[in-house]
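So for the sequence shown, the working numbering puts the first residue at 22; every next one is plus one.
Beta carbons: idealized from backbone N, C-alpha and C, even for Gly.
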Amino acid sequence: MVTNSDAQTGPARGASNKAATETKSRGKMKTGTLSRIAVVVLAMTFAVSTASAQLNSGAQTIALNANLTESLTLNLSANAVNFTLAAGTAANPGSTNITATTTWVLRPGRTAVGVYAYFASAAAALTDGVGDNIPSSAFFIADNGGASTALTNTVAFGGANAGYQMANVAITGANKNSSRTDVMAFNINLTGGTLPQLPANTYTGTLNIQAQATP
């Protein structure tokens, strides 16, 4: 039995159901469209990511070689000293002091740097060339203001009993590349042995200053 109320509401219900169905259909279509868009965006993102990924070549090598040469040098501030001798006197100082500057760059294993003054002969440090000589024992050096010392030792260079080691620098990791200075003052003492009877003449000689780095 259909009442008047049912007759009136039937069409309305039908319209409502149709509208709901259409709304649901549109929702599904919208969701499907969004899903397809998302898939396309992801695909494009992956494609861009793949295209921009890093591409590396193999590594090629370059051999490097750097050499720091070992060196030891000694330089003098002057190369000549004059003496005005007075017969039989102890004080006959040189005309000038001379500074020796020793510089080194050493390899591992070096233990010391020595600085030496020496003559080739102990008997004739200076000579007049006709048999009259001033021995190395009469020649004195005061190094860096220290005591005046005769050249009477046997050292790394020169004649026996004709030298003086002015410096012995221990080498550590802190001074493998370094330097030192020796300021030398000179004197000739004419009071020993037969020197008080040294005849008047010009006496010449060669004093050597040399450095050595030892293993």
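In the structure shown, glutamine 218 adopts helical secondary structure according to DSSP, grouped into three states. Sequence-distant partners of asparagine 113 (beyond 5 residues in either direction) whose C-beta falls short of 8 Å from its own C-beta, in its chain, are Phe104, Thr105, Leu106, Ala107, Asn208, Ile209, Asn210 and Leu211. For secondary structure counted as the alpha helix (DSSP H) over 4 or more consecutive residues, the region 103-173 holds no complete run. Restricting attention to Asp153, Ala191 and Ser142, the CA atom closest to the CA of proline 217 is found in Asp153.
Under the 10 Å beta carbon count, alanine 183 is surrounded by 16 or more other beta carbons and is classified as buried. Here valine 176 is buried. Its C-beta has 16 or more other C-beta atoms within 10 Å.
Glutamine 186: member of the beta strand (DSSP E) spanning 184-191, first to last residue. Judged by beta-carbon spacing, alanine 138 lies beyond the 7 Å limit of isoleucine 155, meaning their Cβ atoms are not closer than that value. If you compare the alpha carbons of Lys197, Leu89, Gly115 and Gly194 with that of methionine 205, the shortest gap goes to Gly115. Under the three-state reduction of DSSP, serine 199 is assigned to strand. Within the same chain, and ignoring the five residues on either side of arginine 201 in sequence, the residues whose Cβ sits closer than 8 Å to its Cβ are Thr122, Thr123, Val134, Val136, Ala188 and Val190. Its Cα nearest to that of threonine 227, the residue Val102 stands out among Val102, Glu91 and Asn77. Residue state for isoleucine 58 is assigned as helix, using DSSP reduced to three classes. Look at serine 98 here: in three-state DSSP terms it is coil, with no helix or strand label.
In the DSSP secondary-structure assignment, alanine 234 is bridged to Val134. In summary, glycine 179 is buried, with 16 or more beta-carbon neighbours lying within 10 Å of its beta-carbon over all protein chains present. Residue burial is scored here from C-beta neighbours: leucine 147 has at least 16 other C-beta atoms within 10 angstroms and is therefore classed as buried.
The beta-bridge partner set that DSSP reports for alanine 206 consists of Ala163. In this structure, Asp149 is the residue among Thr193, Trp125 and Asp149 with its C-alpha nearest to the C-alpha of threonine 223. Shown here, leucine 228 sits in coil according to DSSP, grouped into three states, outside any helix or strand. Take lysine 197, set aside five residues on each side of it, and the residues of its chain with a beta-carbon closer than 6 Å to its own are Leu127, in chain order.
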